[in-house]
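Q: I am attaching a structure below and will ask some questions about it afterwards.
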Amino acid sequence: AWRKHSAQGFTTKEQFEDEAVRHIETTLARSLFNCDELAAYSGTALAFRDRLVIEWNRTQQRQSFADQKRVYYLSLEFLMGRAMDNAMLNVGMKDAARAGLNELGFNMEDVISQEHDAALGNGGLGRLAACFLDSMATMNFPAWGYGLRYRYGIFKQEIVDGFQVEVPDYWLDFNPWEFPRHDVTVDIQFYGYVSRKTDENGKSVAVWEGGEIVDAVAFDVPIPGYGTPTTNNLRLWSSQASKGEFDFQKFNSGNYEGSVADQQRAETISAVLYPNENFETGKELRLKQQYFWCAASLFDIVRRFKKGKKAWSTFPENVAIQLNDTHPTLAIVELQRILVDLEGLGWDEAWNIVINTFGYTNHTVMPEALEKWSVPLMQNLLPRHLQIVYEVNARFLQMVEKKFPKDRDLLTRVSIIEETQPKMVRMAHLATIGSHKVNGVAELHSDLIRTTIFKDFVTIYGPDKFTNVTNGITPRRWLHQANPRLSELIASKLGGYDFLTDLTKLNKLETFLDDKAFKKEWQEIKYANKVRLAQYIQKTTGVSVNPKALFDIQVKRIHEYKRQQLNILGVIHRYLTIKAMSPEERKKLAPRVSIFGGKAAPGYWMAKTIIHLVCAVGEVVNKDKDVGDLLKVVYVEDYNVSKAEILTPASDISEHISTAGTEASGTSNMKFVLNGGLVIGTCDGANIEITREIGDSNIFLFGNLAEDVEDLRHAHHYGSFQLDPDLAKVFSAIKSGTFGDAGRFAALCDSITDHGDYYLVSDDFASYIQTHGLIDEAFKDQDAWLEKCITSVSRMGFFSSDRCIDQYAEEIWNAEPLPPDGGA
Ligand code: 26Q
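Here the UniProt record's numbering is used: position 101 in the sequence shown is 160, and no number is missing along the way.
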């Protein structure tokens, strides 16, 4: 209904064509005679963008006027994927655009796929931030995202001769979804020194001087909600050389090269996304990125607050800041600095405001992923911030000492400063001490942080500071956009698309389990999605796969803890089993396609070896005449959000098989189940809640439990390590050269047989193979399988990111939606 009030735009296909053509001819200055698909995309994007910005401006005005509590989501990653389909869904008028494009000789899906993914993230954490923005806009929260505008997103992955090759992802040559705001520029200071001066009231204040200044320039991206005019803002900062007097001096004194070099050094800050996930490297440039972005965002937030001319004590009633992992922890220190050094508040008054403003979300318990910064590094780059960290720590330790006298070990354990050589700042401790709530992202994970990394903090603060908010996904992108036919079928049964904003409504689907026509269509849709993926695989890899086979998919970042090695070793076991069978036995087997995808961090050799093994196995298996359709092994190059939109709807089984206790939540598990696929998984992360919701007969769980992992690891070192006998056969095949030069895989095999099998591949192998046997059996009964799928989908309501945002708003932010008047 709100769309009628739109001041500008199109309502018919003719009007759409007029708008798109006008943009192609004028905004892009292109002739219609050589209008290719890219130009058609550009014109379409600009036509929809015009409609988006009207509501965007109105939303910002409405939110300024209401001036109620705003939510700020600080994330170094926003893995947005493509924007146009989402804009069309939220603005409406996609059908008019489709018809118009057809008349101009274009196909909508091809035009949509011209858009470059906005890939400003590594994986789960970045995509979670994108889902949250979608939910916050859809639910009318006055909310902002703050991030970095990387010139290069996550690298593009090419597979060359079975090896990963990284190619830079330059994505900004045409991006109609961002608006530069050169008037919103913030000076950011680095290096320099701190002195103390006496202010006019005789008070001693710290003054941070010298060093260098870099400009942060805002680029804004509209975030439209679904079924509402609310269009929020994602503000991404780009680094530029300061326009201040500093460089002009150099320039004017004839040092032209020097001033260009300064400029390049400044632009380096936002040049590239660090491609590590769950691995910390301690690089100075990364710390620079973090401070640059935190300082610019805090300046912006504080400036907005100050416009309201309210007392500082009301800051936490106006502002909630959520920290996506420890990456933005410096924001805590920066706010304290602003309040104490620049605004003249007393330490305690300021610190109270800080604590009540921030919430911190933890995404990992793995020690190699916990952020630490060396004290000398921070001393050099951010001298005043280091002082503040030490002051925060001193006061915190004093409080602990008072509460738990004479426990030196406790003080050592909880201190923000780790007393190593060099000393390190533990960011997770700082984030915990500077926030009023700390949350994990699934129940098991939240329990684990309470009992492991934050155990002492639970003792100190009590249990209420630590809470759980199980992750979710947006059903707009991950059901409606990725699987339009399934969404339409569901809508036809539920009487409309209300489930897209209240996903619990899916539960009514269970009443249609006896509806033969419904089930048939469901099955046809899954089949069509598999055909589409099969065509994509054929086109991109040359491998022919049978769409009737069981599609078994594992797509996520490559990491030893996620255990793609377990998967591929299981595939080899299957291959050896097939080879040993008689032709009659083979006939009884269910054909399989094992599909892998995901990027390895460029410096992570073991992950790259796993990719190489998958490719090497594919080379052998896919050519083997004995095997035929019974087994195919495929590596899908350059897994990203757009590829996920093709892969997720096409699975029969997806794999979420991390060593128990290592995957904080996982979110692709939710996406696959929501699209009518089943899961093989360990008792880890959100798999546990998925099982609780859909029922344990609808999921294939296997493997050791988190509570047993420590003992098993201990036994590997101090007992006798017993390699699983089936796994031993797999290793002999690899070592005998079945998949080419065995030397290339030696480190991978040795990590299991000789170096303690830290990820319990051998311990879980038998259970994994057996469970795949159960899957083969279950898949033979297509009716029963289908019933599991439909039942699962109907019970997935809990995993909407809308539920998740509701919970953050209620339990952490204390924020309310601002519904537009005359709203939907
Ligand atoms: C840290 C320091 C230096 C460089 C890089 C990093 C870095 C970058 C990205 C550390 C971690 C990440 C990303 C982590 C991540 O994606 N974690 C995932 O978050 C998801 C959302 O909560 C969970 O579902 C996954 O279980 C978790 O692995």
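The C-beta atom is built at its ideal place from N, Cα and C for all residues, glycine as well.
Measuring CB to CB, does Ala-587 end up less than 7 Å from Val-604?
A: no
Q: Taking the alpha helix (DSSP H) that residue 888 belongs to, which residues open and close that run?
A: Any property of residue 888 remains undetermined from this structure, which presents the chain solely from 60 to 883.
Q: Report the residue from Val-273, Glu-460, Ser-134 whose alpha carbon sits nearest the alpha carbon of Asn-421.
A: Ser-134
Q: Can you find the residues in the same chain that come closer than 7 Å, C-beta to C-beta, to Arg-862, ignoring five residues on each side of it along the sequence?
A: Gly-531
Q: Within 10 angstroms of its Cβ, does Val-686 collect 16 or more other Cβ (buried), or is it exposed?
A: It counts as buried.
Q: What does the Cβ neighbour count give for Glu-748, buried or exposed, with the cut at 16 atoms within 10 Å?
A: buried
Q: Using the Cα positions of Glu-304 and Gly-317, report the straight-line distance between them to the nearest angstrom.
A: Per-residue confidence for Glu-304 stands at a pLDDT of 49, beneath the threshold of 50, marking its modelled position as unreliable; no derived number is given.
Q: For the alpha helix (DSSP H) holding Tyr-520, just list the boundary residues, first then last.
A: For Tyr-520, the enclosing alpha helix (DSSP H) has its first and last residue at 514-520.
Q: With 7 Å set as the bound, which would you pick, yes or no: does the beta-carbon of Glu-478 sit closer than that to a beta-carbon of chain C?
A: Checking the listed chains, one finds no chain C in this structure; it contains a single protein chain.
Q: How long is the line joining the alpha carbons of Leu-833 and Gln-841, rounded to whole angstroms?
A: Roughly 14 Å between the two C-alpha positions.
Q: Flag Val-500 as yes when its Cβ comes closer than 6 Å to any non-hydrogen atom of the ligand 26Q, and as no otherwise.
A: yes
Q: Quick check for students: name the residue ranges of the alpha helix (DSSP H) that lie wholly in the region 525-557, counting only runs of 4 or more.
A: 543-553
Q: Leaving out five residues on either side along the sequence, give the residues of the same chain with a beta carbon under 8 Å from the beta carbon of Ser-756.
A: Lys-847
Q: Using 8 Å for Cβ pairs, my map puts Thr-560 next to Thr-197. What's the rounded Cβ distance?
A: 6 Å
Q: Roughly how many angstroms lie between the CA atoms of Phe-69 and Val-150, to the nearest whole one?
A: 11 Å
Q: Let's see if you can read the secondary structure: which residues bound the beta strand (DSSP E) around Asp-274?
A: 271-283
Q: I'd like the span of the beta strand (DSSP E) that includes Val-497, first residue to last.
A: Here the beta strand (DSSP E) through Val-497 covers 496-499.
Q: What's the gap between the Cα of Asp-279 and the Cα of Arg-110?
A: 16 Å
Q: Given a threshold of 16 other Cβ atoms within 10 Å of its Cβ, counted over all protein chains shown, does Ser-710 qualify as buried or as exposed?
A: buried
Q: I believe Leu-138 touches Gly-204 by the beta-carbon criterion, under 8 Å. Please report the beta-carbon distance rounded to the nearest angstrom.
A: The pair is not a contact, with the Cβ atoms about 12 Å apart (cut-off 8 Å).
Q: Which whole-angstrom value is the C-beta distance of His-495 and Val-473, which I expect to be below 8 Å?
A: Their Cβ separation, rounded to whole angstroms, is 17 Å, which puts His-495 and Val-473 out of contact at 8 Å.
Q: Do the region 569-580 and the region 792-801 touch if we need at least three Cβ pairs shorter than 8 Å?
A: no
Q: Comparing alpha-carbon positions, which option in Phe-249, Val-266, Ala-660 lies nearest Ile-255?
A: According to the sequence displayed, residue 255 carries Arg and not Ile. If we check each option's Cα against that of Arg-255, Val-266 comes out closest.
Q: If you compare alpha carbons, which of Ala-99, Glu-766, Thr-529, Val-738 is closest to Gln-866?
A: Thr-529
Q: Is DSSP giving Ala-390 helix, strand or coil here?
A: helix
Q: What number of angstroms, rounded off, separates the C-alpha of Gln-119 from the C-alpha of Phe-761?
A: 49 Å
Q: Just the C-alpha distance for Tyr-595 and Leu-690, rounded to the nearest angstrom, thanks.
A: A direct Cα-to-Cα measurement between Tyr-595 and Leu-690 gives close to 18 Å.
Q: By how many angstroms is the C-alpha of Val-820 removed from the C-alpha of Glu-752?
A: Answer to the nearest angstrom: the Cα atoms are 28 Å apart.
Q: Is any heavy atom in the ligand 26Q found nearer than 6 Å to the beta carbon of His-422?
A: yes
Q: Is any heavy atom in the ligand 26Q found nearer than 6 Å to the beta carbon of Gly-662?
A: no
Q: Hey, is Tyr-333 close to the ligand 26Q, as in C-beta under 6 Å from one of its heavy atoms?
A: yes
Q: Let me make sure I understand the geometry here. Which of Pro-426, Gly-284, Gly-261, Val-392 has the alpha-carbon closest to that of Thr-340?
A: Pro-426
Q: Thr-668 and Asp-193 - do their beta-carbons sit closer together than 7 Å?
A: no
Q: Would you check if the region 601-617 and the region 654-665 touch, i.e. whether three or more CB-CB distances between them fall below 8 Å?
A: A contact between stretches requires three or more CB pairs, one per stretch, nearer than 8 Å, and the region 654-665 meets this requirement with the region 601-617.
Q: Under the criterion of a Cβ to heavy atom distance below 6 Å, does Asn-530 qualify as lining the ligand 26Q?
A: yes
Q: Let's test the definition: count the other Cβ atoms within 10 Å of the Cβ of Thr-491 and tell me whether it reaches 16, buried, or not, exposed.
A: buried
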